[in-house]
Amino acid sequence: MTGHTRSVSHRAVVAAPAAVVHGLVADVAAGARLFPGQLHAELLADGLVRRWVLADEGVRSWVVRRVIGTEPLTISFDHHEPPPPVRAVRGAWSFRPLADGTTEVSVRHDVTVDDPGRAERMVADLDRNVPRQLDGYRWAAERWHELARLLVRAEGSAAYDGALDEVYGRFRAAAGPASVCLPGLIVVKEPAPEPWLRAVTGRWTFAARPAGGVLVTAAWTATLAEQADRGRAETLVTAAVRATLDGGAAGPSRDGHRPNGPVLDPVLDPAPAPHEPPPKQNGSGNPSDPDGPSTPATTPATTPTTPSPPSSSTAPGPDRAGRPR
377 MTGHTRSVSH RAVVAAPAAV VHGLVADVAA GARLFPGQLH AELLADGLVR RWVLADEGVR
437 SWVVRRVIGT EPLTISFDHH EPPPPVRAVR GAWSFRPLAD GTTEVSVRHD VTVDDPGRAE
497 RMVADLDRNV PRQLDGYRWA AERWHELARL LVRAEGSAAY DGALDEVYGR FRAAAGPASV
557 CLPGLIVVKE PAPEPWLRAV TGRWTFAARP AGGVLVTAAW TATLAEQADR GRAETLVTAA
617 VRATLDGGAA GPSRDGHRPN GPVLDPVLDP APAPHEPPPK QNGSGNPSDP DGPSTPATTP
677 ATTPTTPSPP SSSTAPGPDR AGRPR
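This note's numbering applies: residue 377 is where the sequence shown begins, and numbers increase by one.
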């Protein structure tokens, strides 16, 4: 392979067992719950993972091939068909148990591009972002036994008249640019959560009803900072679910299409912590991306500006997309 190749490595020591840290990095779904910059990820066939992240210029998406190793604990990655001028982005994570029970986490990136200036910029991005990423995994791993308390989730459903495509389209129009829209699924993200929250994610699913109409299920998950009030977060995610479904937020009300039945009180449940250790699976420029600098494969969208958090201790109401503020 021709081009200009640069390699860069970063390390951190985490006060948690190696299997715990390895499991967090390997868990495809964990990133969206732990990092404000990770929007969504899906495990594809043949060890491929598609990721969506929030970047300065909007939403970026790419596909990466991962191989999960268990003896020793490793995760190797290789970006799938990166766009020019990037020729390759590959590397590996390693997790080395230390004698005192902590873990040395190392991640290496090898980037190959046609333009040497671009290579230097990518390395600079890695030097800026990877330490922040390692800090995020350290935070989660060292609070492994508390994650169930720090993850707060609420879910509710409502039925709407109309065809599946019609109802989905109205919700899609209300989702905003910090979102991923897939068949039967919309994932939305609060791009700048308040300081007492580490991440806030909404997940809306759509299913045609046998008797006609569409059942929409909205779930919101908030990850709390360590000393945050769980009751405040429960109020926030419950209000977000109701606002998403109850006409005022999710697009249907603008056309006079409210739910054709009452929205029941959203159900709160503790969001699950990642599994320890994860099942062996082949698959997995953003501080929360465990596979290296982003190589955009979608048209960037503009991320909305979020107002400064209020000083009141009361959780503010959601915006018109049901997104917590």
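C-beta atoms are modelled at their ideal positions from N, C-alpha and C, and glycine is treated no differently. Please read all numbers here as calculations on a predicted model, not as lab measurements.
In this structure, does DSSP put residue i in helix, strand or coil?
i, result
"Val-489", "strand"
"Val-564", "strand"
"Pro-460", "coil"
"Asp-667", "coil"
"Gln-509", "helix"
"Asp-422", "coil"
"Arg-585", "coil"
"Leu-502", "helix"
"Arg-519", "coil"
"Glu-433", "coil"
"Ala-391", "coil"
"Ala-495", "helix"
"His-380", "strand"
"Ala-524", "helix"
Can you grab the Cα-Cα spacing for the pair residue i / residue j, in whole Å?
i, j, result
"Ala-550", "Pro-473", "47 Å"
"Trp-438", "Arg-426", "6 Å"
"Pro-654", "Ala-395", "Bear in mind that a pLDDT of 42 at Pro-654, under 50, signals an unreliable position, so the number given afterwards is only what the model happens to contain. Near 8 Å, if we compare the C-alpha coordinates of Ala-395 and Pro-654."
"Phe-582", "Leu-410", "25 Å"
"Val-384", "Val-499", "7 Å"
"Leu-502", "Phe-471", "19 Å"
"Leu-419", "Ala-391", "29 Å"
"Arg-579", "Leu-449", "31 Å"
"Val-643", "Thr-381", "51 Å"
"Gly-399", "Glu-457", "26 Å"
"Ala-609", "Pro-559", "29 Å"
"Pro-571", "Ala-587", "45 Å"
"Glu-531", "Ile-451", "33 Å"
"Arg-519", "Asp-491", "42 Å"
"Gly-493", "Pro-412", "29 Å"
"Leu-523", "Trp-515", "10 Å"
"Ile-562", "His-455", "25 Å"
"Pro-393", "Arg-442", "22 Å"
"Thr-478", "Gly-407", "22 Å"
Along the alpha helix (DSSP H) that carries residue i, what are the first and last residues, could you check?
i, result
"Thr-620", "606 to 621"
"Gly-399", "394 to 402"
"Gly-407", "406 to 410"
Starting from residue i and walking both ways along the beta strand (DSSP E), at which residues does that stretch end?
i, result
"Leu-600", "590 to 600"
"Ala-449", "Checking the displayed sequence, the identity of residue 449 turns out to be Leu instead of Ala. Per DSSP, Leu-449 belongs to the beta strand (DSSP E) from 449 to 455."
4 or more residues per run - each alpha helix (DSSP H) lying fully within the region 526 to 577: 540 to 551
Pairs of beta-carbons, one from the region 500 to 515 and one from the region 576 to 596, closer than 8 Å: are there three or more? no
Do the region 462 to 469 and the region 487 to 501 touch if we need at least three Cβ pairs shorter than 8 Å? yes
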